[in-house]
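Below is one structure, written out as structure tokens; the observations come after it.
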Amino acid sequence: MALAGEEARAPKLRVFFIPFFASGHIIPMTDLACQFAKRPGVEPTMVLTPANAALIRPTLDHSAFSGHPVQLLLYPFPSATHLPSGIENLGSVSSDETWKIHKAVDLSREAHDRIIREHTPDAIISDIPFWWTTAIANDLGIPRITFHAVGVFPQCIMNNLVKNRVHDHVPTDSHPFTIPDLPGPCIMMVKSELPEFLKHRNHLTSAWNDLKKSQLESYGVVVNTFYELEHEYCDYYREVDCRRAWFVGPVALCDEQGKAGRGGGESEAARENRERCMRWLGGKEAGSVLFVCFGSWCYFEDEQLREMALGLEASGMEFLWVVRGDHGEHVKTEWMSEGWEERVKGKGVWDGFRSTFEKEKVVVPAEAIERAVRKFMEGSSEGEEMRKRAAEWVKIAGAAVAEGGSSHKDLNSLIDDLFVLQHERKNGKHIE
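Pasting the structure below:
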């Protein structure tokens with residue numbers, strides 16, 4: 001009983017979570033905060049703008065009902081972006097207005113500084129775009145952990161390209177080049193596949209340098225991946241690209257609310273779309289539907305969208321294709337071939353999606369898309385092998401986040417480290 005009393009009197013480990021303005025960052029960081037809340041003595045707080053907070057309220061309510069509350073701290077979305085009220089998320093803006101969300105990132109610096117200094121948490125876990133939180137944390141003598149919503153492999157590729165710039169020396173955009181100094185098999189790319197800021201130096205080039213410097217100066221990095229998936233790159237990443245790293249994913253598998261409840265704070269239209277898709281899927285055999293989605297950062301020209309539509313149609317397979325409209329409007333359909341919707345009626349459901357990161361320059365023809373879909377879905381030996389490997393990785397991922405798994409151990413290791421740092425700070429020891 002004495003030990004229980006001592007634990008109750010011990011100061012809480014107060015951890016602030018500050019995600020980027022995109023659902024693909026907010027939701028996994030919320031999942032991570034909910035995992036922190038399960039540890040006795042930890043008090044996690046999500047720091048968000050009002051409209052983005054609405055996206056995660058159902059998840060936070062469920063976590064609180066389960067006895068693991070996560071606090072919510074709001075700050076205003078920067079008005080200088082001149083976006084309509086309530087538009088605060090990358091998934092809510094048109095392709096021509098994504099720059100306003102990135103501008104909002106820069107304009108949030110003052111609010112973050114004020115909130116962190118006012119509330120003085122014991123640790124900060126903030127998204128990579130908020131690079132200034134490292135300096136604020138160091139000034140206050142608390143650890144800042146950089147959060148990455150994606151895996152380690154793309155980060156290693158990007159960091160290597162920024163450092164070595166081997167793509168600067170190729171004769172054409174279509175000429176292949178090898179990315180040097182990486183573990184594992186040889187990785188080749190062509191310049192046309194790179195983001196614009198790597199091909200041509202611009203304001204994003206200098207911004208990347210700020211992000212990288214901040215990451216190296218932060219206490220460490222937490223990544224939504226699991227060690228078994230990319231172990232060679234995890235080891236390389238720990239050695240080259242950060243001071244410390246914890247691989248704690250896939251955090252989505254830790255969501256006890258259930259897959260259908262994720263992102264439950266959506267608009268009425270989004271909920272109706274979700275329900276419509278679930279009803280349609282409910283009448284299909286397991287493993288018979290192809291899901292097609294490229295995320296909210298990828299833009300395709302009308303010609304490519306048309307080829308994808310024709311390829312999916314020609315495959316004869318049933319599919320669910322996410323095609324988002326700007327500002328939540330209905331998707332413009334000028335790119336569709338005449339009669340396409342009627343021809344795939346009953347075969348496919350499509351809804352939502354049209355955004356931008358970098359434009360695709362090379363059009364993949366419908367025939368190639370049809371071949372790829374058939375190979376995976378029709379039961380060929382190669383397709384069966386792909387399905388088998390995918391099923392195996394599902395089990396491995398589940399084992400990673402289960403008690404005793406690699407991600408579960410890394411999560412506990414991170415929290416343990418933060419408790420130690422909290423104790424050392426209270427005893428006057430400087431964080432290194």
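With full-length UniProt numbering, letter number 104 in the sequence shown gets 104, and the count goes up by one each step, no holes.
No residue lacks a Cβ here, since even glycine has one placed at the ideal position from N, Cα and C.
These numbers come from a predicted model, not from an experiment.
query                                                                                            : result
Asn164 beta carbon less than 8 Å from that of Pro180                                             : yes
DSSP state of Phe36 mapped onto helix, strand, coil                                              : helix
For Ile179, the three-state DSSP class (helix, strand or coil)                                   : coil
Limits of the unbroken beta strand (DSSP E) element including Thr133                             : Looking at the DSSP string, Thr133 is not in any beta strand (DSSP E); the run it does join, the alpha helix (DSSP H), is Thr133 to Leu140.
C-beta contact flag for Val373 and Ser315 at 8 Å                                                 : yes
CA-to-CA distance, Thr30 to Ile116, given in whole angstroms                                     : 18 Å
Under 8 Å between C-beta atoms of Ile124 and Ile18                                               : yes
CA-to-CA distance, Leu194 to Cys156, given in whole angstroms                                    : 14 Å
C-alpha gap between Glu285 and Glu378, whole angstroms                                           : 14 Å
Nearest-angstrom Cβ-Cβ length linking residue 446 and Arg201, presumed shorter than 8 Å          : In the structure displayed, the chain extends from 1 to 432; residue 446 sits before or after that span and is not available.
Cβ pair count under 8 Å reaching 3, the stretch 235–250 against the stretch 401–410              : yes
Inter-residue spacing [alpha-carbon to alpha-carbon] between Ile145 and Arg371                   : 44 Å
The stretch 62–74 in contact with the stretch 86–100 per 3-pair CB rule at 8 Å                   : no
Beta bridge counterpart(s) of His16 as assigned by DSSP                                          : Looking at the sequence itself, residue 16 is Phe, so the reference to His does not match. BP columns for Phe16 point to Thr45 and Ile124.
Residue of Tyr227, Thr120, Met278 and Asp106 minimising C-alpha distance to Asp210               : Asp106
DSSP state of His430 mapped onto helix, strand, coil                                             : coil
Residues near Ala111 in its chain [Cβ-Cβ closer than 6 Å; skip 5 each side]                      : Tyr75
Cβ of His175 within 8 Å of any chain D Cβ                                                        : Absent from the structure is chain D; it holds one protein chain and no more.
Cβ distance (whole Å) where His25 is taken to contact Ala149 below 8 Å                           : 5 Å
Cα-Cα separation, Arg294 to Phe153                                                               : According to the sequence shown, residue 294 is Phe rather than Arg. When rounded, the distance between both Cα atoms is 18 Å.
Ala245 - partner residues in DSSP beta bridges                                                   : Val221
Short Cβ contact (8 Å threshold) for Lys395 with Gly383                                          : no
Residue of Pro183, Ser214, Asn273 and Glu43 minimising C-alpha distance to Tyr237                : Pro183
Distance between Trp280 and Leu310 (C-alpha atoms, nearest Å)                                    : 21 Å
For Glu385 and Pro50, the rounded distance between their alpha carbons                           : 46 Å
Candidates Arg114, Arg276 and His119, of which the one nearest Trp132 by Cα                      : Arg114
Per-residue burial, Val420 [other beta carbons within 10 Å of its own, 16 or more giving buried] : exposed
Close beta carbons around Ser23, own chain, < 7 Å, minus the five adjacent residues each side    : Leu55, Asn89, Gly91 and Gly263
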